[in-house]
Every structure is written in structure tokens, then in C-alpha cells.
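In what follows, a structure is listed as C-alpha cells, so that the remarks can point back to it.
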Amino acid sequence: MELIQIFIAVLVIFYPVNAFDVAKSGQTYIQAGSQTTLTCRWAPLAAGEDLLRVNWRQGSTVIASAILPNYTPVYADTKIKNRVTLGNLTSSSPSTSITLTGLQCPGDIAEYACDVFTTALQDSSGTAGFDVNLFDFMGNNVTITSSSSRLQAGQNASLTCTASNIGRPPGTIKWQRNSQDITTGFTQQKSINSDNCTYNGVSILSISPTSQDDGVMYKCVVDPNSAVIGDSRKEGRYTLDVQYPVRQGPRVTSSTGTFTVEQGTTFTLNCQASGNPSPNYVWTSPDNTNTTGSQLVLTLSSTGTFLYTCFATNSLTTTPLPTGVTVTVQEKTTTTTTTSTTTVTTPTAVASTTQSQLPEWAIAIIVVVCVLVILAVVIAVVIMKRRKGNKEKTLVDNKPPNNYTPEAYNGPYPAPDVLDSSQRYPDYGMDTPPRKPPINDQYDPRSRNVENLVYAELALDDTPRSRKPIQAMQLDNSVEYAEIKRV
């Protein structure tokens, strides 16, 4: 069995070969109208073996051939006869080439092949095939049309993209909304043009626009299917013009930022509403006059409140929608000085801020500081008034008017002030305390500045109500008197 296997192997190895491999090279993806060169290559021939004949075919039709050893190119009578050139050949050449010029679409799109024969004991031959594919760049004529010349919100519609040349091979049509890809809701068709080379494409996108789609841009994008350098994306653009009625009352603003103004101030009321076609505006004033336009310029000289109403409507609106504002006119503030009269107008709130205004946090700090200062002043005034009130209290009503009439004293004893021994304790009946030894026997009430007198302790049962000193009563016009002053 092993002998049989070996014998079979030998037969396989030494069996005569009547074909050899032919490799191909050359550009096979070519732009229409250009040229290309196709080349067949093979390994060097064995000793004693020469190149015999080369044929080039377009499909099954021979378009060029050469017979060796005398190199004589022969071109068959075909439509490509004047656009084909056979390369040089010798008996030992390792390759053969053919150049095709002015490639035409679609006639030159075919499979090209080379057949090579040698002078071996048994003719050897090999074949290499080329699929020549022509391409064409896409055109720039991509357009979008709408199914309706007047798109209205809430109604179904469609956009149609037409690309008369989407190249060869045909490109791919895509849709975008605001530069974002749309993956559903459209169809596309491709067909070959009359040149039998390039293709055209049509794609239809279904839409249901709303008022929010007004001004939205749609794109129809055609991407090339070939990877050939130089071809690029083409696109068409369409901006939606969606018509819709005025659905809500307009917005009214004032050029001053507020609806409270002073007498004589000129300001403007602005009215704005959303709608397509653009809304029309009518103003009604307190005096029942009407003014058209989105702006109303006013200069009011009378104080009070005044109602102004703006109506907005367009061709799709069934009933005009109003918005009313109340304007309050205040009396103008003036300030007069002795040298000149200056009119100071207190500004009201303005829509735009000015650079002179302080930030809110700074204003808050100033207010807090002012409150604290006022509170401190109030507390200080209260304390001073209390101290002053305590010092200005007068003496009690039951004090004697002087030091010389102790009998009139009806308060608790011992009686205050300086007394002589005979007048020190008046007779109060059974409750009268015993008399003490004489004191100040030499005391003369008519003399002033007497020395060595003994003074009784001055006792006050209440805080004095006055700072006026206590004076002795004058006994007659010629008698001097002593003064007792509270220190």
C-alpha cells in the first residue's frame, strides 16, 4: 500500500504543466473620460522557452494582439480600436500592458483580460482579468421643494429632494433637521440618467410642522459611494416658512421700564406678538382713539391713571387678542433755593441699569448702619432725660421755709437745720421727748457768720426737687440773716 502511495505522488509531481499564473496590476476604478493602463505579469520563462503570442480581450472580444518573435501589434476593428495601445514586447518579456484612453461610460465598462502563450513542448498559457469600473463625480444641483407653497402649522406636508447627478456609483441621500440626522420618515429612488453612466436620485420626507418649526432649516445631503479622492458631499437646503395665527395676547413693554411716569415725560409703549404672517397692531387710548403700529409714543401732562390696550392679529387670526396696561402719571417734583430755582425730577425705574447705581448689598449695609446710628441717638437722649429728671426733683413739701420758725414744722423730728436751745424741741404734748441741755446759748439769729456753732444734721426725707438754696426768713428790714446752702 505504501508503494502505491509513493507511485501516485511521483506521478503528480512530474506530470507536465501546460498553464502558468499571470498576475494583474493597474487602476481598475477610473473616472469616466480619463485613461488607464492594465498590466499582466508572469515569472521568467524556463530555458529554451519563449513568448509566442499575447491577446487582450474586452469581454470575449479580442481588441489587441501581438505575435513573437517579430513584434507586430494587431488591433481588431472595434469601437475602442482608436483608443487602445499595446505596450512593447520581446520574446523574453516578463509582462505585457495595454493603455485605454478616453474611457466612455457605459461602453467601456467591462471585464478586460490578457491571454499569454509560450513555446513550450506543450503550449503553456495564462490569463488575468480586470474589472474596469468607471465613476463620475456628483453634481451640485441638489434642490428641495415643498408639497405646499404655504405651509401651515398642524398640517401634514412633504419635502422633495431632487439630485440630478448623484454620481457613479450612485450616492446615498440623507436628511437633516438643524444639522441633526433624520433616520425615518423618508423614501428615496435612484435611476440612471440618459448618458447611461451617472444616476439621479429623488427622496421625499414627510413632515408635520408646528409653529416651533418656523425658521427651521432642513438639508438634503448626498454622500458619494466611491472612496475616490476628489469626490465630496453635496447638499441642498430648505428653510421652513410655517404660517400660524396669533394665539395669545401680545407683550407690552415701556421704554422707561415702568408704567409709572412723571408729568411731561415722553415715553414709548411697545407691543409684540408671535404669529406668521407678521401680526398687525392697533392701540386704543382712554379718549377712545385708535392708533396703528407696534409702538405708541406718549407725553402725558395730567396726573392720574390711564388705560391703554394693544390688539394683535394676522390673516390667520379670527379674533384680535388684547393686552391692556395702566399708566400712572405722578406730579413732577421740584426743589427751590434762594439763589435760583431748580427743578429736580425724581427718576422712576428704568429698564436699563445705569453705572451710577449702587449694588444691592451696599445699599443694605448703608440702611443697617443708619438704623443703628438712629437707635444709639434715641437711647442717649432717653438716658440724659432720666438723669436730668432725677436732679431736678424739688424738696418735699413739708420742709420748713426757713430756720427760724420751728413751731410751724409738722414733720418728723428732730427738726433739721440750726436752732438755739430754746427753740430746738417744740412742745408736742405727752410724746415730746425730754429737752436736752442748752446748745448754742450764744447764738444770735440776727448775726451772720457766727463761729463755734453746733449744727444739727441736715436730714431730707426725699430728694430735693430744686437746686434753689434754703434761705432764712427775714425778721425785719434791719436784720441780717444767715443762709443754709445745700452743697
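As numbered in mature numbering (1 follows the signal peptide of the UniProt record, and there is no 0), residues -19 to -1, 1 to 468 make up the sequence shown, in order. Quick reminder that beta carbons are idealized off the backbone N, C-alpha and C, glycines included. Quick caveat: nothing in here was measured; it's all calculated off a predicted structure.
| Asked | Found |
| --- | --- |
| Going by the CB atoms, is the gap between T53 and T66 shorter than 7 Å? | no |
| Under 6 Å Cβ to Cβ from S184, same chain only, skipping five residues before and after it: list those, please. | C142, I154, F167, Q169 |
| Out of curiosity, what's the CA-to-CA distance linking P151 and I90? | 15 Å |
| Give the single residue among V203, R158, T165, S172 whose Cα lies nearest to the Cα of residue 511. | Because residue 511 is not part of the residues shown, which for the chain are -19 to 468, the question remains open. |
| Roughly how many angstroms separate the alpha carbons of M119 and T239, rounded to a whole number? | 60 Å |
| In three-state DSSP terms, what is D162? | strand |
| Based on the DSSP secondary-structure assignment, which residues constitute the bridge partners of S139? | S187 |
| How long is the line joining the alpha carbons of A345 and L356, rounded to whole angstroms? | 17 Å |
| Tell me which residues share the same chain as D176 and place their Cβ nearer than 8 Å to its Cβ, disregarding the 5 neighbours each side in the sequence. | C86 |
| Should the region 260 to 274 be called in touch with the region 198 to 214, which here means at least 3 C-beta pairs below 8 Å? | no |
| Report, in whole angstroms, the separation of the C-beta atoms of G256 and V233, which I expect to be a contact under 8 Å. | In fact, because the Cβ distance is near 16 Å, the residues do not count as touching under 8 Å. |
| Decide yes or no for the touch test of the region 297 to 314 against the region 237 to 251: beta carbon pairs closer than 8 Å, at least 3 of them. | yes |
| Roughly how many angstroms separate the alpha carbons of I188 and P301, rounded to a whole number? | 29 Å |
| Label C95 either buried or exposed according to how many other C-beta atoms from any shown protein chain fall within 10 Å of its C-beta, with 16 as the threshold for buried. | buried |
| Quick check on L67: does DSSP put it in helix, strand or coil? | strand |
| According to DSSP, what are the bridge partners of L114? | One point to set straight first is that residue 114 is Asn, not Leu, in the sequence displayed. Its beta-bridge partners are Y10. |
| Can you give, in chain order, each stretch of the beta strand (DSSP E) that sits fully within the region 24 to 68 and has at least 3 residues? | 32 to 39, 42 to 48, 53 to 56, 65 to 67 |
| How many angstroms separate the CA atom of E92 from the CA atom of Q39? | 6 Å |
| Hey, T59 and I44: beta-carbon distance below 7 Å or not? | yes |
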